[in-house]
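Shown next, in structure tokens, is the structure this report addresses.
2 protein chains.
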Amino acid sequence: MVNYSDPQLTRVFSAMGDPTRRAIVARLAGGGLTVSQLAAPFEMSLPAISKHLRVLEGAGLISRRIAGRTHHCNLEAAAMKSATEWLEQYRRFWEPRLDVLGEYLAETENTEELHDGECKD
Amino acid sequence: MVNYSDPQLTRVFSAMGDPTRRAIVARLAGGGLTVSQLAAPFEMSLPAISKHLRVLEGAGLISRRIAGRTHHCNLEAAAMKSATEWLEQYRRFWEPRLDVLGEYLAETENTEELHDGECKD
DNA sequence: TGATTAGTTAACCATATGGTTAACTATAGC
DNA sequence: GCTATAGTTAACCATATGGTTAACTAATCA
């Protein structure tokens, strides 16, 4: 069951609501980076990046391995799973082929009508 | 090309970052509702709901048809599409079967290796 | 040991967010 | 026309967010 008050979901969506953080995630998709490497292309102070990293870490979207004085960050994309699943509940609203009736027809190949599908919450 | 600074993406993710707004979206998935009907189950004032509706409207996630003094709200789930696509770029990171190599193998049925896929940004 | 480097923490600031109550607009109904 | 209803707008408040600079901690290196 999808719980709309799930604080983890809230943290992930909120984290993704910031363009800088989406850019950080996009950079990390290319492989792990240190904080300085990560920060380099941004026109923003290191403390600002540090804060963004804390937010991403709090959402479980990145992990950190500390080696000496350098912090290596890695993408933990699995944290996006719940957010993706939440959004996908609604996919049938913009892709009619994926609606409940469509799924049913695809499976059974008959025209019997289904109840109007409701979304999990 | 996915643009991480896309303000529309920012509005959609930010809108979804609030549990009340996710609950509103979930309710509207069951069909259009007036503002009062929508607000009924929430322990929150009507103006608070009104604000949330404005945010959802600004993100393109709901539409409004005004009939007399009642406002009928409808889900516009298509606005979720860009957010879903953004997240799905990263699906291969938590579902190895959907990685670039996996897709390639599924299509060609051979074992030739591919370059490490990068994420669009 | 002393200087440099990596990164965080602290203190601060401006603005945004999420809520409230009170007042308002406008439609509906008697 | 008066009153009730649907909903917004305004004003306000507390806290969160996103940024800054300065100070700090700790590791590296000459």
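First to last, the sequence lines map onto chains A and B. Heads up: the first sequence begins at 1 in the numbering used here, then just goes up one per residue. Heads up: the second sequence begins at 122 in the numbering used here, then just goes up one per residue. The beta carbon of each residue, even a glycine, is placed where N, CA and C say it ideally should be.
Beta carbon proximity, residue i to chain A, threshold 9 Å
i: F134/B; result: yes
i: M165/B; result: no
i: P138/B; result: In the sequence under discussion, the amino acid at residue 138/B is Gly, which differs from the Pro named in the question. With 9 Å as the cut-off, G138/B counts as an interface residue toward chain A.
i: R143/B; result: yes
i: A150/B; result: yes
i: L159/B; result: no
For residue i, three-class secondary structure by DSSP
i: R64/A; result: strand
i: S126/B; result: coil
Residue i at chain B interface by Cβ criterion, 9 Å
i: S5/A; result: yes
i: K120/A; result: Residue confidence for K120/A is low, a pLDDT of 46 falling below 50, so the modelled location carries little weight and cannot support an answer.
i: L75/A; result: yes
i: L33/A; result: no
i: T70/A; result: no
Q. Which of the residues in the region 79–93 of chain A, read from start to end, lie with their CB under 9 Å from any CB of chain B?
A. A79, M80, K81, A83, T84, W86, L87, E88, Q89, Y90, R91, R92 and F93
Q) Three or more C-beta pairs closer than 8 Å, one from the region 169–176 of chain B and one from the region 206–215 of chain B: is that the case here? A) no
Q: Assess, as a yes-or-no matter, whether the region 10–22 of chain A is touched by the region 152–160 of chain B under the definition of 3 or more beta carbon pairs within less than 8 Å.
A: no
(Q) At a CB distance below 9 Å, what residues from the region 166–188 of chain B approach chain A? Give them in sequence order. (A) none
Q) In the region 19–91 of chain A, which residue ranges form an unbroken beta strand (DSSP E) of at least 3 residues, counting only runs that do not cross its ends? A) 62–67 and 70–75
(Q) Three Cβ pairs or more, each shorter than 8 Å: is that satisfied between the region 195–213 of chain B and the region 74–92 of chain A? (A) yes
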